[in-house]
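One structure is given below, encoded as structure tokens.
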Amino acid sequence: MANTRQYDIVLLGATGYTGKLTAEYITSSLPTNIKWAVAGRNQSKLQSLVDEMKSQNSTRSTPDIITVASLSTPEVSTLAKKTKVLLNTVGPYHQYSTPVVEACAQTGTHYIDVTGETPWIRDIIVKYEATAKKTGAIIIPANGVESAPSDLIAYIATRLIRKVWDCGVMDVVASVHELKSSGPSGGTLATGLGLMDHYSAGAMKECLQNPFILSPTQLKPYTKDTIYPRNPEPNTYIRTPWQKWTGVWSYPRLGHLTTSITAKPNMAIVHRSAGMTPYFYGFNFSYEEYMAVGSPLVGVLIHIALALLTLFLAFPPTRVIMKLLTTYKPGSGPSKESTKGDVFELRAIAVAEQLAKQPRKALATFRFEGGVYELTAILLAEAAVALLTKEEEIKKSHGAGFLTPSCLGNEYLERLEKANVKIGVRQIGDVGSK
Ligand SMILES: NC(=O)c1ccc[n+]([C@@H]2O[C@H](COP(=O)([O-])OP(=O)(O)OC[C@H]3O[C@@H](n4cnc5c(N)ncnc54)[C@H](OP(=O)(O)O)[C@@H]3O)[C@@H](O)[C@H]2O)c1
Numbered sequence: 002m003a004n005t006r007q008y009d010i011v012l013l014g015a016t017g018y019t020g021k022l023t024a025e026y027i028t029s030s031l032p033t034n035i036k037w038a039v040a041g042r043n044q045s046k047l048q049s050l051v052d053e054m055k056s057q058n059s060t061r062s063t064p065d066i067i068t069v070a071s072l073s074t075p076e077v078s079t080l081a082k083k084t085k086v087l088l089n090t091v092g093p094y095h096q097y098s099t100p101v102v103e104a105c106a107q108t109g110t111h112y113i114d115v116t117g118e119t120p121w122i123r124d125i126i127v128k129y130e131a132t133a134k135k136t137g138a139i140i141i142p143a144n145g146v147e148s149a150p151s152d153l154i155a156y157i158a159t160r161l162i163r164k165v166w167d168c169g170v171m172d173v174v175a176s177v178h179e180l181k182s183s184g185p186s187g188g189t190l191a192t193g194l195g196l197m198d199h200y201s202a203g204a205m206k207e208c209l210q211n212p213f214i215l216s217p218t219q220l221k222p223y224t225k226d227t228i229y230p231r232n233p234e235p236n237t238y239i240r241t242p243w244q245k246w247t248g249v250w251s252y253p254r255l256g257h258l259t260t261s262i263t264a265k266p267n268m269a270i271v272h273r274s275a276g277m278t279p280y281f282y283g284f285n286f287s288y289e290e291y292m293a294v295g296s297p298l299v300g301v302l303i304h305i306a307l308a309l310l311t312l313f314l315a316f317p318p319t320r321v322i323m324k325l326l327t328t329y330k331p332g333s334g335p336s337k338e339s340t341k342g343d344v345f346e347l348r349a350i351a352v353a354e355q356l357a358k359q360p361r362k363a364l365a366t367f368r369f370e371g372g373v374y375e376l377t378a379i380l381l382a383e384a385a386v387a388l389l390t391k392e393e394e395i396k397k398s399h400g401a402g403f404l405t406p407s408c409l410g411n412e413y414l415e416r417l418e419k420a421n422v423k424i425g426v427r428q429i430g431d432v433g434s435k
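Counting the sequence shown from 1 gives a position; the numbering used here is that position plus 1.
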């Protein structure tokens, strides 16, 4: 990356709900020598954001303001050429952000976002991966509360198993162990509802059913053997048809588990990481994610509720009604006050590939006490610093192109821990029933 760029970081979409939290976090917590700017379409909104930040931190100079008249590729290219890393919180991503990725890929600008839109990620990888590799741009989509924690705990659990037993991982079962959230922002709701307007039912189904949809070795229709040689049923704990039908089962140490709304996008990202470096994760690696519940009954009810939600989202008339009923509109979200008691904890158990009398397992955890959008802001901003700090190492290990949050490695994990994210991993024995 040329050192001639005017800024280290430009935050595009800074006036939105997530963008504003990210701007606040950069102001309060990133190194003060970072040169940065906020960008968006509305000059007066950007100005009032900067005025607010002035009162927040006196030791840091306030960011420059860059107004982008339209999100067209030429316009965003001019912006992208000014910065080393572009952080993008303009969503719904499938609707607005394709030219942003195109501009970054073409200008060799590193790019990080917080999308959870798997079909869109697939589109941009197919369209721009070759260009990004050529120009040296590192593009990391899905670096928010959705996907980044999953990707990071799968990575640290695998790393421990590699270190202790020198082998890959057979399967990882993860669960959202604790979730107290004040609810989704207007932008997230608009994104979830808009996705089904934009993509066909077939494309959505493919993304939901194929956990390897983003795996680099097969951005093509899924058959069980096309990614790399896989176990037909890699999970050591095989579920009965009844458990699959009700959505509820249990797993030692993780307890009763049910369907999780964010599991599929997260699985797609983790499997991309594993597909990029199968010699590290293991050639039989698989990752599944669930939600922990207090009792099987609650689990069944959640499973049914999510099945109904999927059904309602699939039909345009019910989607229209849901849009009318949404609590927050784009640009807004839960108040800071209401998110104070929020908690997010993800746990994962990884089973080593090598069979042994004493099962070889690792337990990894990722916990944050505070709002999940606040966590997203931390994940996004700290990813930019990790990328700026370790650019050469990251390129050496993974090359340029479309990477995943875990590619940011130890530098990123350490930065997150300093930002009060509790991340841990340890060996465990096999406790509880099979
Ligand atoms: N997966 C995750 O973990 C995660 C977490 C948080 C957010 N997200 C995603 O992040 C996205 C943003 O969420 P949010 O709640 O922050 O949304 P938001 O409050 O509605 O903010 C959207 C931002 O995009 C800008 N924007 C919208 N249309 C634009 C256009 N045509 N040209 C230029 N700028 C435009 C808005 O600018 P104005 O202010 O000028 O309107 C605003 O800055 C959503 O897609 C959401 O799903 C994902």
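C-beta: ideal position from N, C-alpha, C; glycine also.
(message) One question on the structure: do V86 and P64 come within less than 8 Å of each other, judged by their Cβ atoms?
(response) Numbered from its first residue, the sequence shown carries residue 86 at position 85. Numbered from its first residue, the sequence shown carries residue 64 at position 63. No; because the gap between Cβ atoms is not below 8 Å, this pair is not in contact.
(message) Between the segment 207-214 and the segment 323-337, can you find at least three pairs of beta-carbon atoms closer than 8 Å?
(response) no
(request) Whole angstroms is fine: what's the gap from T224's alpha carbon to T159's? (result) Taking the sequence shown and counting its residues from 1, one reaches residue 224 at position 223. Taking the sequence shown and counting its residues from 1, one reaches residue 159 at position 158. Low confidence applies here, because T224 scores a pLDDT of 42, under 50, leaving its location unreliable; read the following figure in that light. Each residue's Cα considered, the two are about 25 Å apart.
(request) With a threshold of 7 Å, establish whether the CB of Y112 neighbours any heavy atom of ligand 1. (result) As a working mapping, residue 112 is identified with position 111 in the sequence shown. Answer for Y112: no, Cβ out of range of ligand 1.
(message) DSSP three-state label for T366, please.
(response) What you label residue 366 is simply residue 365 of the sequence shown in a count that begins at 1. Strand.
(message) Please report the straight-line C-alpha distance between P12 and S336, rounded to a whole angstrom.
(response) Here residue 12 is taken as the residue at index 11 of the sequence shown, counted from 1. Here residue 336 is taken as the residue at index 335 of the sequence shown, counted from 1. Residue 12 is actually Leu in this sequence, not Pro. Going from the Cα of L12 to the Cα of S336 covers about 22 Å.
(request) Compare the beta carbon distance of Y291 and S151 with 8 Å and say whether it is the shorter of the two. (result) Translated into positions along the sequence shown, residue 291 becomes position 290. Translated into positions along the sequence shown, residue 151 becomes position 150. Their beta carbons are not under 8 Å apart, which means Y291 does not touch S151 by this criterion.
(request) Tell whether a beta-carbon distance below 8 Å holds between T132 and T23. (result) Against the sequence shown, residue 132 aligns to sequence position 131. Against the sequence shown, residue 23 aligns to sequence position 22. In this structure, T23 does not lie closer than 8 Å to T132 by Cβ.
(message) From the DSSP secondary-structure annotation, give me the bridge partner or partners of I214.
(response) As a first step, residue 214 is located in the sequence shown; it is residue number 213 there, counting from the start. Answer is none; I214 lacks a bridge partner.
(message) Taking the alpha helix (DSSP H) that Q428 belongs to, which residues open and close that run?
(response) For this step, residue 428 is matched to residue 427 along the sequence shown. Q428 -> not in any alpha helix (DSSP H); beta strand (DSSP E) instead, spanning 423-429.
(request) Identify every run of the alpha helix (DSSP H) within the segment 311-396, keeping only runs that are complete inside it and at least 4 residues long; order them along the chain. (result) 317-326
(request) Please state whether DSSP places Y18 in a helix, a strand or coil. (result) As a first step, residue 18 must be located in the sequence shown, where it is residue number 17. It is helical.
(request) Return the CA-CA distance between P93 and T116, expressed in angstroms with no decimal places. (result) Your numbering for residue 93 matches position 92 in the sequence shown. Your numbering for residue 116 matches position 115 in the sequence shown. C-alpha separation (whole angstroms): 8 Å.
(message) What does the Cβ neighbour count give for F369, buried or exposed, with the cut at 16 atoms within 10 Å?
(response) The sequence position of residue 369 within the sequence shown is 368, counting from 1. Result: buried.
(message) Give me, in chain order, the residues of the same chain whose beta-carbon lies closer than 6 Å to that of A106; leave out the 5 immediate sequence neighbours on both sides.
(response) By 1-based counting over the sequence shown, the position of residue 106 is 105. Only Y129, T132, A133, A138 meet the Cβ criterion.
(message) Could you compute how far the alpha carbon of G20 sits from the alpha carbon of T241?
(response) For the purposes of this step, residue 20 is taken as the residue at position 19 of the sequence shown. For the purposes of this step, residue 241 is taken as the residue at position 240 of the sequence shown. C-alpha separation (whole angstroms): 44 Å.
(message) Would the segment 192-199 count as touching the segment 383-402 if we require 3 or more Cβ pairs under 8 Å?
(response) no
(request) With a 10 Å radius around its C-beta and 16 neighbouring C-beta atoms as the bar for buried, classify T60 as buried or exposed. (result) As a working mapping, residue 60 is identified with position 59 in the sequence shown. Exposed is the call here.
(request) Give me whichever residues DSSP pairs with A288 in a beta bridge. (result) For the purposes of this step, residue 288 is identified with residue 287 of the sequence shown, where counting begins at 1. What sits at residue 288 in the sequence shown is Tyr, not Ala. DSSP, once it has assigned bridges, lists V173 as partnering Y288.
(request) Starting from S251, trace the alpha helix (DSSP H) both ways and give me its first and last residue. (result) Position 250 of the sequence shown holds residue 251. No alpha helix (DSSP H) contains S251, which is instead part of the beta strand (DSSP E) from 250-252.
(message) Any heavy atom of ligand 1 inside 7 Å of the beta-carbon of S407?
(response) Within the sequence shown, residue 407 is the residue found at index 406, counting from 1. Every heavy atom of ligand 1 is 7 Å or more from the Cβ of S407, so no.
(message) Among the candidates E118, A202, L209, L255, whose CA atom is the shortest distance from the CA of E179?
(response) One-based indexing of the sequence shown puts residue 179 at position 178. The shortest Cα separation from E179 among E118, A202, L209, L255 belongs to L255.
(message) Could you check whether the Cβ of P335 sits closer than 7 Å to any heavy atom belonging to ligand 1?
(response) Translated into the one-based positions of the sequence shown, residue 335 becomes position 334. False, no ligand heavy atom lies under 7 Å from that Cβ.
(message) Using the three-state DSSP reduction, which class does V146 fall into: helix, strand or coil?
(response) Translated into the one-based positions of the sequence shown, residue 146 becomes position 145. In the structure shown, V146 sits in coil (DSSP, three-state: anything other than H, G, I, E or B).
(request) Compute every distance between the C-beta of E147 and the non-hydrogen atoms of ligand 2, then say whether any falls below 7 Å. (result) For ligand 2, the structure offers nothing, since it holds only ligand 1.
(message) Let me check you understand the geometry: is the CB of T90 closer than 7 Å to at least one non-hydrogen atom of ligand 1?
(response) Taking the first residue of the sequence shown as position 1, residue 90 is located at position 89. Yes, the Cβ of T90 comes within 7 Å of a heavy atom of ligand 1.
(message) Less than 8 Å between the C-beta atoms of R6 and K83, yes or no?
(response) Position 5 of the sequence shown, counting from 1, holds the residue named residue 6. Position 82 of the sequence shown, counting from 1, holds the residue named residue 83. Closer than 8 Å, so yes.
(message) So if DSSP puts H257 in a beta bridge, which residue, or which two residues, is it bridged to?
(response) Position 256 of the sequence shown holds residue 257. In the DSSP output, where bridge partners are listed per residue, H257 has S251, V294.
(request) Using three-state DSSP, classify N43 as helix, strand or coil. (result) Locating residue 43 in the sequence shown gives position 42, where the first residue counts as 1. Of the three classes helix, strand and coil, the one that applies to N43 here is coil, per DSSP.
(message) Rounded to whole angstroms, what is the Cα-Cα separation between L309 and K341?
(response) Translated into positions along the sequence shown, residue 309 becomes position 308. Translated into positions along the sequence shown, residue 341 becomes position 340. Cα to Cα, the separation comes out at about 30 Å.
(request) Answer yes or no: the CB of P64 versus the heavy atoms of ligand 1, is any distance below 7 Å? (result) Counting from 1 along the sequence shown, the entry for residue 64 is found at position 63. Every heavy atom of ligand 1 is 7 Å or more from the Cβ of P64, so no.
(message) One question on the structure: do V426 and A363 come within less than 8 Å of each other, judged by their Cβ atoms?
(response) Locating residue 426 in the sequence shown gives position 425, where the first residue counts as 1. Locating residue 363 in the sequence shown gives position 362, where the first residue counts as 1. Yes, the pair counts as a contact, with Cβ atoms nearer than the cut-off.
(message) Tell me the DSSP secondary structure of I10 in three-state form.
(response) The sequence position of residue 10 within the sequence shown is 9, counting from 1. Here I10 sits in strand by DSSP.
(request) Take A315 as the anchor and find which of D52, Y200, E418, A269 has the nearest alpha-carbon. (result) Residue mapping note: residue 315 aligns to position 314 of the sequence shown, counting from 1. Checking every option, the nearest Cα to that of A315 belongs to Y200.
(message) Helix, strand or coil, according to DSSP, for V86 in the structure here?
(response) Counted from its first residue, the sequence shown places residue 86 at position 85. Strand, per DSSP.
(message) I'd like to know whether the C-beta atoms of E346 and N285 end up nearer to each other than 8 Å.
(response) Your numbering for residue 346 matches position 345 in the sequence shown. Your numbering for residue 285 matches position 284 in the sequence shown. Not a contact, by the Cβ cut-off of 8 Å.
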